[in-house]
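Chemist:
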Amino acid sequence: MLRRWITARAPASRAARRNPQATGDAGLGECLRLLSFNIQVGISTGRYHHYLTRSWQHLLPHRERAVNLQRIGALLADFDLVALQEVDGGSLRSDYVNQVEHLAQLGNFPYWYQQLNRNLGPLAQHSNGLLSRLCPSLLEDHPLPGPRGRGAILLRLGEGPEALAVVMMHLALGSKARTRQLAYIRELIHGYRHCVLMGDMNTHASELLEHSPLRDLGLIAPQTCATYPSWQPQRCIDHILLSPQLTLERMQVLDAPISDHLPVAIDIRLPSTLRDQQLIALPHAN
Numbered sequence: 001m002l003r004r005w006i007t008a009r010a011p012a013s014r015a016a017r018r019n020p021q022a023t024g025d026a027g028l029g030e031c032l033r034l035l036s037f038n039i040q041v042g043i044s045t046g047r048y049h050h051y052l053t054r055s056w057q058h059l060l061p062h063r064e065r066a067v068n069l070q071r072i073g074a075l076l077a078d079f080d081l082v083a084l085q086e087v088d089g090g091s092l093r094s095d096y097v098n099q100v101e102h103l104a105q106l107g108n109f110p111y112w113y114q115q116l117n118r119n120l121g122p123l124a125q126h127s128n129g130l131l132s133r134l135c136p137s138l139l140e141d142h143p144l145p146g147p148r149g150r151g152a153i154l155l156r157l158g159e160g161p162e163a164l165a166v167v168m169m170h171l172a173l174g175s176k177a178r179t180r181q182l183a184y185i186r187e188l189i190h191g192y193r194h195c196v197l198m199g200d201m202n203t204h205a206s207e208l209l210e211h212s213p214l215r216d217l218g219l220i221a222p223q224t225c226a227t228y229p230s231w232q233p234q235r236c237i238d239h240i241l242l243s244p245q246l247t248l249e250r251m252q253v254l255d256a257p258i259s260d261h262l263p264v265a266i267d268i269r270l271p272s273t274l275r276d277q278q279l280i281a282l283p284h285a286n
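So the sequence shown is numbered by the UniProt record's numbering: it starts at 1 and just counts up by one.
1) I need the straight-line Cα distance from residue 274 to residue 196, nearest angstrom please.
2) Kindly give me the distance between the Cβ atoms of residue 108 and residue 23, rounded to whole angstroms, as I take these residues to be in contact under 8 Å.
3) For residue 65, I'd like the list of residues in its chain whose CB is within less than 6 Å of its CB, leaving aside the five on either flank, ordered along the chain.
4) Along the alpha helix (DSSP H) that carries residue 185, what are the first and last residues, could you check?
5) Tell me where the beta strand (DSSP E) around residue 240 begins and ends.
6) Would you kindly report the start and end of the unbroken alpha helix (DSSP H) that includes residue 99?
7) Counting Cβ pairs, one atom from each stretch, are 3 or more of them under 8 Å apart for the segment 245-255 and the segment 181-188?
8) With residue 32 and residue 103 assumed to form a contact (beta carbons below 8 Å), what rounded beta-carbon distance in angstroms separates them?
9) In the DSSP assignment, what are the bridge partners of residue 156?
10) Do residue 178 and residue 188 have their C-beta atoms closer together than 8 Å?
11) Suppose only complete runs of 3+ residues qualify. What are the beta strand (DSSP E) ranges in the segment 59-90, listed by chain order?
12) With a threshold of 6 Å on Cβ separation, who are the neighbours of residue 71 within its own chain once the five nearest residues in sequence on each side are excluded?
13) Can you name, in chain order, every residue of its own chain whose Cβ lies under 6 Å from the Cβ of residue 260, other than the five neighbours on each side?
14) Could you tell me the distance, in whole angstroms, from the CA atom of residue 84 to the CA atom of residue 15?
15) Would you mind stating whether residue 192 and residue 163 have Cβ atoms separated by less than 8 Å?
16) Spatial neighbours of residue 219 within its chain, please: C-beta separation below 8 Å, excluding the five flanking residues on both sides.
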């Protein structure tokens, strides 16, 4: 019965949505603050048995979800560029609230984009999300190869050879599909000198850097701390990977067990040539 909502899509250029509630304006500093967070559609999971006892929340609304989104929004407000995984684009389970748009409002982000990867109609709008204080010079929506339901967002900041390419993703659980997806992403960043790859990659950094199609790019994985499960982290599967030309200022896995994943955050120093393009950012929420 769900087949009518599950349709193939092609890569496409998109425009970031504008949040009219975002206020104020300021120049971007020398550092760009990035965060990646799998929010599990706002469901709080603190033990393995919650996957069973709270599984109904993947289908039906629950009042605790709104509280969790408030907590997530407060956390995101300190960052300039955010990659979200497992967000709902507005369905029964989220009380028909587009969680990407809602978090943009809570965090005072002027730009946002929802990538719909699994359209189950009124039951679920399974998505990736982008929140940004900077206006992208390019935004592309890419379905990833393999079983339907995975995607990547390509965002470019600035113009010319010093532009920064950021790819936000949620990769497959299976190694074969994940390898195909990483090969596709490698092609997306071909020709960019400054790159950031961020998201739930479902594998360890050593696998990404040493054995995947990314292995000869010289990417840096600043953090190798476990991010999953949030209540007793054992696996490092959420990452922000950097090209070696970018300068890392700070890295941390945040102690914020709101979802079943912990968020990963880094600060990078932008190349002076990119800062000279006078990228404009709106300030963080108070």
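Idealized CB from N, CA, C, for every residue including glycine.
Modeler: Checking against the coordinates, here is how it stands:
1) 14 Å
2) 7 Å
3) 42
4) 175-188
5) 238-242
6) 99-106
7) no
8) That pair is no contact at about 19 Å.
9) 138, 165
10) no
11) 81-88
12) 258
13) 40, 45, 229, 230
14) 17 Å
15) yes
16) 195, 197, 208, 209, 241, 242, 243, 244
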